[in-house]
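The numbering used here numbers the first residue of the sequence shown as 55 and each following residue consecutively.
Glycine included, each C-beta is placed from N, C-alpha and C at the ideal position.
Below you'll find the structure, written out as structure tokens, and then a few comments.
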Amino acid sequence: MSLVGFSAVATVTLLLCVLTGPDRDDLDEFYTGYGSLSPMRNGLAIAGDYISAATVLGTSGVIALFGYDGVVLALSTALSLMLLMFLLAEPLRNAGRFTMGDALTRRMPGGRSVRITASAVTLASLLPLMLVQLAGTGQLMGFILGFSGESMQTGCIVGVGALMIGYAAIGGMKGTALIQILKIVLLLGSGLVVAALMLHRFDWNPGALFDAAAANSGAGDAFLASGLQFTGSASPGIDMISSHLTVVLGGACLPHITMRMYTADSARQVRRSMSWAVSGVALFVLVITVVGFGATALLGRAVVAGADPRGNTAYLLGTRAVFGAEVSTAETVLLTTVTTAIFLTVLASVAGMILACANSLAHDVFAARVREMTPRREMLLARLSAAAVGIPAILLATLVQHHSLHPLITLSFCLGASAIAPALVYSLFWRRYTRTGLLATLVGGTVCVLVLMPGTNLVSGSPVAAFPDADFNFFPLTTTGLLSIPFGFLCGWLGTVASGRARAEEQRRQYEAVEGWILAGAIHRRP
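Shown next as structure tokens:
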């Protein structure tokens, strides 16, 4: 039944992309869908983009293995979206048009170097997440369908990757948005039913669920206290702060999330869209909390870790366990719906990331080189860019599928927090911010993360690292955020100071000329 569900989802979603994709050479339709989605549908699409397979599988796994620490991680993801909602959403919508490069150069006309750098950072931050979800596709489908052959898993990666490229190239923003909406509705609907069944097993008493999870965790009361996830760290408290700070600042600043701000037609619409998105994500945090604790309560932490050391199968194990030994037809249908929803989550998430990368390459790199590029040619470039991004991602995913993928997830969030977040905050709010400062922020934050990340215990020096047999660990924390985030902000400040007072005053005047547009949306839409 799962195989039938997967086939049906692939067919329906591809048909949706064909039916809703641009029928003429119109850049606004391809990049933003004309802002035609209602606030509710746009909000659901934002939530769909934000809840990736890494969130569904990875975060629920952390909850199942580490209890309280996993709940804090889940809450950090919701807090990140709230930070975007209250601080950046409206200025981003006012300043941007199609890509992050548009938003960053709004106050710096003609900034081709900024656009190219922004495109490079977009690719660097989203490619690792794409690899994680593509590589996890083979393992996930093998777990669900019951095969373990490497060739079958590689075939799944290639097939799913080809579908994702098709979604991005054919459907554009509107087509991928409809897939995200379908995904979030299916994921939330099935998840709420499973969470309700889980609570019913414990007489609707969350306290009894948590106590049973702690009893079966093998860690006792430590399962419901802070610090279990980082017990092997040299500084557990600091490591936890660094990890959650990275998630809060980096999660919602990734380019495939911020590009959804440009689909809103007004400041009021983006506020209402973000309200729907935050509500959807908060509801899903409750779902994975219940299912994650339920998996440990019903099966035990050892069983969850035995199936996958990172706990990535905890959500599926908890769903199976809640039905008991005898599974009715209705429960079989529900289990199929859950597995299909996770499969759709992988499809939709990577399709959105490929679209963000393709849009950035076409609009910020290729179109910026030509003074007058026709919409037809730019759309063709965007579609070719989807293939240019997707095909290498598929090949790389087949190479990394047997390694720990957690370093790649952390790398994406660290880049979002250390390079993209400082650049957006400075660009949208600091009057004296110069082009040199912006380039220093993007390059400095990225380089700092890339230098420090190989030295963490996620890459080597631990049994669950990407290279467990090697040990070149030189950085004492799991994530680089505690050092790389301040470094990104510092680079922006130093670059602006180094530009000189005259350049800073010139940038201040240029910013004041568009300040009303950026902060208050004084102009309805950028021409």
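For Ser61, the secondary structure class from DSSP, reduced to helix, strand or coil, is helix. Exposure of Val58 is indicated by the presence of fewer than 16 other C-beta atoms within 10 angstroms of its C-beta.
Here Gly115 is buried, its C-beta having at least 16 other C-beta atoms within 10 Å.
CA-CA distance, Leu81 to Ala412, rounds to 13 angstroms. If you draw a straight line from the Cα of Ser333 to the Cα of Asp523, it is about 43 angstroms long. Here the alpha carbon of Gln323 sits roughly 31 angstroms from the alpha carbon of Val125. Judged by beta-carbon spacing, Phe197 lies beyond the 8 angstroms limit of Leu401, meaning their Cβ atoms are not closer than that value. The three-state reading of DSSP puts Phe521 in strand, counting E and B together. Setting aside the 5 residues that flank it on each side, Arg562 is surrounded in the same chain by Arg485, Arg486, each with a C-beta closer than 7 angstroms to its C-beta; the list follows chain order. Segment contact: the region 297-310 against the region 60-77, fewer than three CB-CB distances shorter than 8 angstroms; contact not assigned. Distance from the CA of Arg326 to the CA of Met433, rounded to the nearest whole angstrom, comes to 30 angstroms.
C-alpha of Ala552 to C-alpha of Gly546: approximately 10 angstroms in a straight line. Around the C-beta of Met154, 16 or more other C-beta atoms lie within 10 Å, and the residue is accordingly described as buried. CA-CA distance, Phe483 to Ser167, rounds to 21 angstroms. Rounded to the nearest angstrom, the gap between the Cα atoms of Ala99 and Leu185 is 22 angstroms.
Around the beta carbon of Arg374, 16 or more other beta carbons lie within 10 angstroms, which makes this residue buried. For Pro429, the uninterrupted alpha helix (DSSP H) run begins and ends at 429-454, by DSSP. CA-to-CA, the gap between His254 and Gly203 works out to about 38 angstroms. Annotated three-state conformation of Ser114 is helix, per DSSP.
The Cβ-Cβ distance between Thr300 and Gly535 falls below 8 angstroms. Going by DSSP, His298 is part of the alpha helix (DSSP H) stretching over 290-304.
Within the same chain, and ignoring the five residues on either side of Gly272 in sequence, the residues whose Cβ sits closer than 7 angstroms to its Cβ are Arg355, Ala356. For Arg489, the uninterrupted alpha helix (DSSP H) run begins and ends at 489-506, by DSSP.
Assignment of Ser514 by DSSP, reduced to helix, strand and coil, places it in the strand class. For the 8 angstroms CB-CB criterion, Ala477 and Leu504 do not form a contact. For the region 128-172, the full-length alpha helix (DSSP H) segments reaching 4 residues or more read 143-149, 154-158 along the chain.
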